[in-house]
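Accompanying notes for the structure given below.
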Amino acid sequence: MSEAVLRLEPLRAWRFVAGMVSGLGAVTSPPYDVLEPALVRRLTDSDLHNMVRLILPRDPDLGPGRYDEPARRLADWQRRGVVVRDRRPALYVYEQQFQGAVLCGLVGALQLDPERRVVLPHEDVMPQWVDDRFDLMVATDADLEPILLAYGGGEGSTSIASIASDAVDAARAGEPWLVADTENGAHHQIWRIEDPVQLELIAAELAGHEALIADGHHRYAAYLERARREPHRPETSLGLAMLVDNDRHPLTLDPIHRLVPGLNLDTVARSTPDSWEVLPGRIDGVPDRVAISDGSSWVTLRSTAHRAEPTVSLLHEELLPAWGVPADDVTFHHDLSDALALAGPSQAAVELVAPRMDQVLRSAARGVVLPQKATSFGPKPRVGLLFRTLD
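The opening residue of the sequence shown carries number 679 in this note's numbering; numbering runs sequentially from there.
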């Protein structure tokens, strides 16, 4: 078995041409899985070239044929010069500033790790979403949305362990290669690193690390499936990714809430296991709590067993089975208000707290995956500033 090392290779990225669109920010989008319908409509109206026209294929009734439209659209943009490819390979330093939070790291082509030795998933995936992203990747022959990974880079170290992050910060002191402002108020800047010596030093440092998949588990699974089906094509051993030194530039970690059809507060009171205390009302400040609402009333659950697992795992492993709710019926909402708007007497909104970083890292290192949509790391890289094709 060959030794696995963390590798982020330079690439010739594609980008939009400012003079061909209404604005570089106007053609970008959040990742596909956080797009609410109202935002999709606004983005679609903002520019004929917005990335939602590629990453959210329409007309599901068309089956696999629904991915032909994004492929034709991308080819047309390439032919007309709406998007162009960088002339020389580079690693790209990407910075996003949004509401006081900063996302900062390197974008490149990630060497895939099917055996999970250095690229560590922490969430389960849903096969239909993997199939959706895989079909889009195959139709467009492109990686349109970078996944997000985090590693510990050794903050404060003067050894080689800080070289990659020092290179990122040094690049940010210079003139950016690309600048964009997006409709949500975020400011984006990108710089290039192409010096061969510097790239070699960065590669040497990263080879000594493991990285946690923070966002993009379904896309990463689609990368792996593409590589499995086309093993003799070198480009399929890589996938577009952003790599963040979480010590130098820490990510935020938020929960993803649930809407549970068929669940009401009477069932919660009657069927919750004895290892949980059921408290009236929505109570803040309770560690690892689960709060449940039917849209008008609340109860709060607190585990009395002092379990080490994050509450999202306990919800799926203990509570949903006790309530008689199939996990496949649950839907996911990044904003609690979206879940509450749909809650009622026959379906409950479940408010979760974010797992702690140590819980996520401990699970990933042990090869244990959390339930699907267990975490929301952020800020997330904007889609459309940089993307990769496999030709």
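Even glycine gets a Cβ: it sits at the ideal position worked out from N, Cα and C.
Three-state secondary structure assigned by DSSP to residue i
{"i": "His1072", "result": "No answer is possible for residue 1072: it lies beyond the span of the chain, which begins at 679 and ends at 1069."}
{"i": "Leu717", "result": "helix"}
{"i": "Ala881", "result": "helix"}
{"i": "Leu937", "result": "strand"}
{"i": "His994", "result": "helix"}
{"i": "Gln806", "result": "helix"}
{"i": "Ala1075", "result": "Any answer about residue 1075 is impossible in this case: the structure gives the chain only from 679 up to 1069."}
{"i": "Leu1039", "result": "helix"}
{"i": "Pro748", "result": "helix"}
{"i": "Pro999", "result": "helix"}
{"i": "Pro958", "result": "strand"}
{"i": "Met920", "result": "strand"}
{"i": "Gly786", "result": "strand"}
{"i": "Glu793", "result": "coil"}
{"i": "Ser700", "result": "coil"}
{"i": "Asp952", "result": "coil"}
{"i": "Glu687", "result": "strand"}
Pairwise C-alpha distance: residue j and residue i
{"i": "Glu888", "j": "Asn924", "result": "12 Å"}
{"i": "Ser981", "j": "Leu929", "result": "28 Å"}
{"i": "Pro1004", "j": "Ala842", "result": "45 Å"}
{"i": "Asn728", "j": "Arg763", "result": "18 Å"}
{"i": "Asn942", "j": "Ala1027", "result": "9 Å"}
{"i": "Pro874", "j": "Ala849", "result": "15 Å"}
{"i": "Ser953", "j": "Ala983", "result": "6 Å"}
{"i": "Glu687", "j": "Leu1018", "result": "43 Å"}
{"i": "Ala905", "j": "Phe812", "result": "11 Å"}
{"i": "Leu798", "j": "Ala691", "result": "25 Å"}
{"i": "Ile733", "j": "Leu726", "result": "14 Å"}
{"i": "Leu702", "j": "Ala1043", "result": "39 Å"}
{"i": "Gly743", "j": "Gly830", "result": "42 Å"}
{"i": "Ser975", "j": "Leu1020", "result": "14 Å"}
{"i": "Pro824", "j": "Arg720", "result": "22 Å"}
{"i": "Leu931", "j": "Gly783", "result": "17 Å"}
{"i": "Tyr710", "j": "Ile880", "result": "30 Å"}
{"i": "Ala858", "j": "Ala704", "result": "9 Å"}
{"i": "Leu1048", "j": "Thr989", "result": "10 Å"}
{"i": "Ala947", "j": "Asp972", "result": "13 Å"}
{"i": "Val1031", "j": "Asp810", "result": "29 Å"}
{"i": "Ser724", "j": "Val730", "result": "11 Å"}
{"i": "Pro748", "j": "Val1038", "result": "35 Å"}
{"i": "Gln979", "j": "Gly963", "result": "According to the sequence as given, residue 979 is Leu; it is not Gln. Approximately 12 Å between the Cα atoms of the pair."}
{"i": "Ala716", "j": "Arg907", "result": "36 Å"}
Closest by C-alpha distance to residue i, when choosing among the options
{"i": "Gln774", "options": "Leu856, Asp764 and Leu713", "result": "Leu856"}
{"i": "Phe1010", "options": "Pro933, Leu1063 and Arg948", "result": "Pro933"}
{"i": "Gln806", "options": "Gln1050, Phe1065 and Leu1063", "result": "Gln1050"}
{"i": "Leu826", "options": "Val977, Arg906, Ala892 and Arg948", "result": "Ala892"}
{"i": "Thr914", "options": "Pro799, Val1031 and Asp791", "result": "Asp791"}
{"i": "Val977", "options": "Gln867, Val796 and Thr945", "result": "Thr945"}
{"i": "Leu916", "options": "Glu714, Asp723 and Met815", "result": "Met815"}
{"i": "Gly863", "options": "Thr1067, Leu1068, Arg1060 and Phe1065", "result": "Arg1060"}
{"i": "Phe694", "options": "Leu1068, Leu1063, Asp859 and Asp1069", "result": "Leu1063"}
{"i": "Ala787", "options": "Leu902, Arg870, Val730 and Leu769", "result": "Leu769"}
{"i": "His866", "options": "Ala820, Asp1013 and Glu853", "result": "Glu853"}
{"i": "Asp847", "options": "Thr860, Tyr772, Arg757 and His800", "result": "Tyr772"}
{"i": "Ala851", "options": "Pro715, Ile871, Ser840 and Pro951", "result": "Ile871"}
Cross-strand partners of residue i (DSSP beta bridge)
{"i": "Gly1022", "result": "Gln1025"}
{"i": "Arg693", "result": "Val762"}
{"i": "Thr1009", "result": "Leu937"}
{"i": "Gly1056", "result": "Thr930"}
{"i": "Leu858", "result": "Position check: residue 858 holds Ala in this sequence, whereas Leu was assumed. For Ala858, which the question treats as bridged, DSSP gives the partners His866."}
{"i": "Phe1065", "result": "Trp692"}
{"i": "Thr978", "result": "Leu957 and Ala969"}
{"i": "Glu801", "result": "Leu1048"}
{"i": "Gln774", "result": "Leu781 and His866"}
{"i": "Ser707", "result": "Val1061"}
beta-carbon residue i near the ligand NAD non-hydrogen atom, thresh 8 Å
{"i": "Leu734", "result": "Absent from the structure shown: the ligand NAD. Ligands present: none."}
CB contact check: residue i to chain C, cutoff 9 Å
{"i": "Glu913", "result": "Absence of chain C from the displayed structure is noted, only one protein chain being present."}
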